[in-house]
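In terms of mature numbering (1 follows the signal peptide of the UniProt record, and there is no 0), the sequence shown is residues -19 to -1, 1 to 142.
All C-beta atoms in this analysis are idealised placements derived from N, C-alpha and C, irrespective of residue type, glycine included.
What follows is a set of notes on a single structure, which appears directly below.
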Amino acid sequence: MLTALIAIGSTVTSPTASALPSCTPDSLGVSTNAPASPGDATQIHFDVIFTNISPQPCEVQGYPDVDLIGPDDPMWGPDYQLPQQADTAVPITLPPGASAGSRLTFLADPNGWVPDTIAVTLPNSPGRMEVPWIAGRVPVARQDAASHPGTYIGPLRFMTD
């Protein structure tokens, strides 16, 4: 009977022991793809892409924290923290070389604020990653206090070519 309990106990703990580690900034490279405008030229989107550059698989889930960093705006300052889009986040296993992306959607404004950097913190992971703002230095309409802003970040999802 004791042998059966020991065998059951080790069966129960095995899935936890084999769980993949969370992806960290040390295991990922960050980039962006080209911006697109889905029919409305005022709202533009692109993906912030995280590629597993380590030799081991890792897992991500949720929303990255994203700040746009740029010149000091007189009203809002140099940091624009993006809200999260209401959507479902699922766990993603990233084998070496695979990528996950998070869709960044923003309102363009020809007289708006131009960020310099996209600063990203992964879910459940310390450390910040940075990538330059998109090519063309497209200005953003700051909506720091809006209840339903047109600028936001989506959940991480598996990227295919």
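Tell me, please, whether the CB atom of residue i is closer than 8 angstroms to any CB atom in chain D?
i: Ala79; result: Looking for chain D here will not work: only one protein chain is present.
Figure out for me which residue from the options has the closest Cα to the Cα of residue i.
i: Met140; options: Pro6, Ser8, Asn14, Pro2; result: Asn14
i: Ile25; options: Trp57, Ala116, Pro36; result: Ala116
i: Pro91; options: Ala122, Asn33, Ala79; result: Ala122
i: Asn33; options: Ala70, Pro52, Leu103; result: Leu103
i: Pro52; options: Gln37, Gly10, Thr23, Asp97; result: Asp97
i: Ala70; options: Ala(-1), Leu9, Pro38, Ile134; result: Ile134
i: Thr5; options: Pro16, Ser35, Pro55; result: Ser35
i: Asp54; options: Ser128, Val95, Gln37, Pro130; result: Val95
i: Thr132; options: Val11, Val47, Gly78, Met56; result: Val47
i: Ala79; options: Ala127, Gln37, Thr23, Met56; result: Gln37
i: Ala(-1); options: Trp57, Gly10, Asp125, Leu75; result: Leu75
Tell me where the beta strand (DSSP E) around residue i begins and ends.
i: Ile115; result: Neither: Ile115 is in no beta strand (DSSP E) and is coded neither H nor E.
i: residue 151; result: In the structure as shown, the chain starts at -19 and stops at 142, and residue 151 therefore has no counterpart that could be examined.
i: Thr74; result: 73 to 75
i: Asp46; result: 46 to 54
i: Thr69; result: Per DSSP, Thr69 belongs to no beta strand (DSSP E) and is neither H nor E.
i: Cys4; result: Counting along the chain, Cys4 falls outside any beta strand (DSSP E), and DSSP gives it neither H nor E.
i: Ser18; result: Segment: none, Ser18 is in no beta strand (DSSP E) and carries neither H nor E.
i: Gln62; result: 58 to 62
i: Pro96; result: Looking at the DSSP string, Pro96 is not in any beta strand (DSSP E), and its letter there is neither H nor E.
Please return the same chain residues whose Cβ sits closer than 8 angstroms to the Cβ of residue i, not counting the five positions on each side in sequence.
i: Ile73; result: Glu40, Val41, Gln42, Ala81, Leu137, Arg138, Phe139
i: Gly93; result: Pro120, Val121, Ala122, Arg123
Sorted by chain position, which residues of the same chain lie with C-beta nearer than 6 angstroms to residue i's C-beta, five sequence neighbours on each side aside?
i: Glu111; result: Thr98, Ala100
i: Pro16; result: Ile25, Phe27, Ile115
i: Pro2; result: Cys39
i: Thr(-7); result: Confidence at Thr(-7) is low in this model, with a pLDDT of 35, below 50, so its placement is unreliable and no value can be given for it.
i: Arg118; result: Val95
i: Pro77; result: Asn33, Pro36
Across which residues does DSSP place residue i in a beta bridge pair?
i: Ala126; result: In the DSSP output, where bridge partners are listed per residue, Ala126 has none listed.
i: Asn33; result: Leu9
i: Thr108; result: First, the residue type needs correcting, since residue 108 is Gly and not Thr in the sequence shown. According to DSSP, Gly108 bridges with nothing at all.
i: Thr23; result: According to DSSP, which records beta bridges pairwise, Thr23 is partnered with nothing at all.
Leaving out the 5 sequence neighbours to the left and right, which residues in its chain are closer than 7 angstroms to residue i when beta-carbon positions are compared?
i: Thr23; result: Leu88, Ala89
i: Ser8; result: Asn33, Ile34, Ser35, Cys39
i: Ile50; result: Pro59, Asp60, Pro96, Asp97, Thr98, Ala100
i: Pro130; result: Pro64, Gln124
Taking 7 angstroms as the cut-off, is the C-beta of residue i nearer than that to any heavy atom in the ligand FMN?
i: Thr132; result: With respect to the ligand FMN, the structure shown offers nothing to examine, as it has no ligands at all.
Query raised in the report: Does the pairing of the segment 74 to 90 with the segment 106 to 113 give three or more beta-carbon distances under 8 angstroms?
Result: no
Report task. State whether the segment 39 to 46 contacts the segment 62 to 78, with contact taken as three or more CB pairs (one from each stretch) at a distance under 8 angstroms. Result -> Flag = yes, the segment 39 to 46 and the segment 62 to 78 touch.
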